[in-house]
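Below is one structure, written out as structure tokens; comments come after it.
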Amino acid sequence: MSERTFNWKNKDIRAQVDVVDSKLLPTLLLRNALVLNPYVKQWLKKNIWIYQDRIVYVGHELPNRAEEIHTIDCEGKYIVPGYIEPHAHPFQIYNPQTLAEYVSQYGTTTFVNDNLFLLLQSGKKKALTILNELKKQPVQYFWWSRYDLQTEVLNEDHVLPFDVRKQWIEHPDVIQGGEMTGWPRLVDGDDLMLHCMQATKKQRKRIEGHFPGASDKTLTKMKLFGADCDHEAMTGNEVMRRLELGYYVSLRNSSIRPDVRNILQELHEKGFRYYDHFFYTTDGATPNFYKGGMTNELIRIALEEGVPAIDAYNMASFNIAKYYQMDDYLGVVGPGRLASLNILEDPLNPNPVTVLSKGIILREDGSDMKAFTKMDWNKGGLVPLELSYDMTMDDLQFSMPMGVKMRNAVIMEPYMIEIDNSMEQLSFDHDESYLTMLDKHGKWRVNTMIKGFASSVQGFVSSFTTTGDIVAIGKNKADMLLAFARMKEIGGGIVLAENGNILHEIPLALCGCASSETYEDVLEKEQKLRDLLTERGYEFCDPVYTLLFLQSTHLPYIRITPRGIFDVMKKTVLFPSIMR
1 MSERTFNWKN
11 KDIRAQVDVV
21 DSKLLPTLLL
31 RNALVLNPYV
41 KQWLKKNIWI
51 YQDRIVYVGH
61 ELPNRAEEIH
71 TIDCEGKYIV
81 PGYIEPHAHP
91 FQIYNPQTLA
101 EYVSQYGTTT
111 FVNDNLFLLL
121 QSGKKKALTI
131 LNELKKQPVQ
141 YFWWSRYDLQ
151 TEVLNEDHVL
161 PFDVRKQWIE
171 HPDVIQGGEM
181 TGWPRLVDGD
191 DLMLHCMQAT
201 KKQRKRIEGH
211 FPGASDKTLT
221 KMKLFGADCD
231 HEAMTGNEVM
241 RRLELGYYVS
251 LRNSSIRPDV
261 RNILQELHEK
271 GFRYYDHFFY
281 TTDGATPNFY
291 KGGMTNELIR
301 IALEEGVPAI
311 DAYNMASFNI
321 AKYYQMDDYL
331 GVVGPGRLAS
341 LNILEDPLNP
351 NPVTVLSKGI
361 ILREDGSDMK
371 AFTKMDWNKG
381 GLVPLELSYD
391 MTMDDLQFSM
401 PMGVKMRNAV
411 IMEPYMIEID
421 NSMEQLSFDH
431 DESYLTMLDK
441 HGKWRVNTMI
451 KGFASSVQGF
461 VSSFTTTGDI
471 VAIGKNKADM
481 LLAFARMKEI
491 GGGIVLAENG
501 NILHEIPLAL
511 CGCASSETYE
521 DVLEKEQKLR
531 DLLTERGYEF
541 CDPVYTLLFL
551 QSTHLPYIRI
561 TPRGIFDVMK
571 KTVLFPSIMR
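All residue numbers for the sequence shown refer to UniProt numbering, where the first residue is 1 and numbers rise by one.
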């Protein structure tokens, strides 16, 4: 890696050495802990000296004048490195600060984040300001650089020109490229994407794949192009195929793909119990999935499935740090590392009683220490959505012969529309609804029908989509207009209307796509939305992901994109968007 932003200055290192020489006192002392050492794979009883944000000593000695130092007695307790989420999508109606503030209480204190939201919502110059602002928080944020926008837009070269891609790839807080949702374009000859991958490799950074259902030949080709890891294995066999080809594998457990338990069971049935090239990811789950924490829950599953405790914790920390070539900084409770660690009562319980990150105590003896500061999102251009237009009845004209049918929460396939959709109110006797997507700038629209979303949702409007364009779904056009008007009034968000009334709303003050409210507030509002939609016939696992992936062309078969209705398999626009 060409440059890193977490090097300590000379004077800091001199002070740290002075602590070891007893010329300065540690700022924190952890006594009598059983410390996980990933190099020898043992629990070793040690004392840990911390100075500011760095571990300076791990051993049997105590510093001079120990009675003057803030001390945590860890007798009978266990210390593991802070948990790392290597594949976060940090704007799933929550935001990176509120997400980290919440899940850090359960031990996850380092996040490797997708930059797609910032590319699409924050602008070319202001996006990097967000990176700098987030670094002021008491956790670690790293990023990955996208090679494509995960949908079909009208002006991708303008939104994501090569100079912007290069700027991200070379940024010191960016530690990988990808994820490679647009890999079919690469195979078909997209040399700009290959050039970006080559630029990533020149920086000695990793490349994350996205290869669901890929054949051995495709996986081999992706290895030749430069992919290092893939999080899309859904079975034990798919994990083994990736390992055999030299991939690292992220074992995923997310709100739409909770696969870790089954994968581990299948691997163990094969007699495979080698975990050094595995780590976990929750892959940007929606809010309620994290109600009980993040990586701690995956460790718990691994322990329940018979993974040895040291391996289970290494998959949450050391394996990830080693993969990203950062194990001299993270993933180890050892001298020279950042003071990010979790204190456990029992290694069979991965929920920490005390959490340290950057030497700051985030949780102590089960209490939240309120260490986070409020973000000023305006500096990065993340402000409430301002729409220059209103939705009208003219935007709700439906004559297209083909609609989209939901196979599950995120997979859409085409179907032929046979019902009469010329009226203002559709019947509750079927599961077909109006669907309109509107450009957030008011230039274009796409009108069709969606089958399988719900049987009695009257008006449902969201500015939370991949691109931030507006989607409206419903049985009643008047309620769709009402929900749109309310969404516009609150500066963007998700709104459900019925019989002329607003039933529920989730304000999304960050460009209409993410909330600035506390994580607890978002949890409550998302759960209420799920309940209301379920009562009205939504049968799938995750309505938030349904909204997000309506446009996403990395999934089959049909997508509603800014260019129009797009056939993913044939890579063609079936019905173009209409200018308003």
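Built from N, CA and C at the ideal position, the CB exists for glycine as well. Source: prediction; values computed, not measured.
Residue state for Lys221 is assigned as helix, using DSSP reduced to three classes. Below 8 Å, too few C-beta pairs join the segment 24-44 and the segment 281-295 to call them touching: fewer than three. In terms of Cβ geometry, Asp542 and Ile256 form a close pair [threshold 8 Å]. Taken through DSSP and simplified to helix, strand or coil, Val457 comes out as coil.
By the criterion of at least three beta-carbon pairs nearer than 8 Å, the segment 330-341 is in contact with the segment 71-84. Taking 8 Å as the cut-off, the beta carbon of Asp368 is found closer than this to the beta carbon of Gln105. Under the DSSP assignment, Asp18 falls in the alpha helix (DSSP H) whose first and last residues are Asn10 to Val20.
Tyr434 is bridged by DSSP to Met449 and Gly474. Relative to Ser463, the option among Val355, Met402 and Val544 whose CA is nearest is Val544.
Under the DSSP assignment, Ala302 falls in the alpha helix (DSSP H) whose first and last residues are Thr295 to Glu304. Cβ neighbours of Met234 within its own chain (closer than 6 Å, five residues either side excluded): Asp259. By the Cβ rule, the segment 67-75 does not count as touching the segment 390-409, because fewer than three pairs are nearer than 8 Å. Taking the CA atoms as reference points, Gly107 sits about 52 Å from Ile419. Relative to the Cα of Ser357, the nearest Cα in the group Lys136, Pro507 and Val17 belongs to Lys136. Within a 10 Å sphere around the beta-carbon of Phe453 sit 16 or more other beta-carbons, which makes this residue buried. Rounded to the nearest whole angstrom, the C-alpha separation of Arg559 and His195 is 27 Å. Taking 8 Å as the cut-off, the beta carbon of Asp173 is found no closer than this to the beta carbon of Leu120. Counting along the chain, Gln97 sits inside no beta strand (DSSP E); it lies in the alpha helix (DSSP H) bounded by residues Pro96 to Val103.
Looking at the backbone, the Cα of His268 and that of Met222 are separated by about 27 Å. Closest in C-alpha terms to Gly512, from the list Val522, Asp469 and Gln527, comes Asp469. Minimum Cα-Cα distance from Pro350 among the listed residues Ala302, Val461, Gly336 and Asn7 corresponds to Ala302.
Taking 8 Å as the cut-off, the Cβ atoms of Gly177 and Lys202 do not count as close. For Lys201, the secondary structure class from DSSP, reduced to helix, strand or coil, is helix. For Gln176, no alpha helix (DSSP H) encloses it; the enclosing beta strand (DSSP E) starts and ends at Val174 to Gly177.
In this structure, Glu208 lies near Met180, with their beta-carbon atoms less than 8 Å apart.
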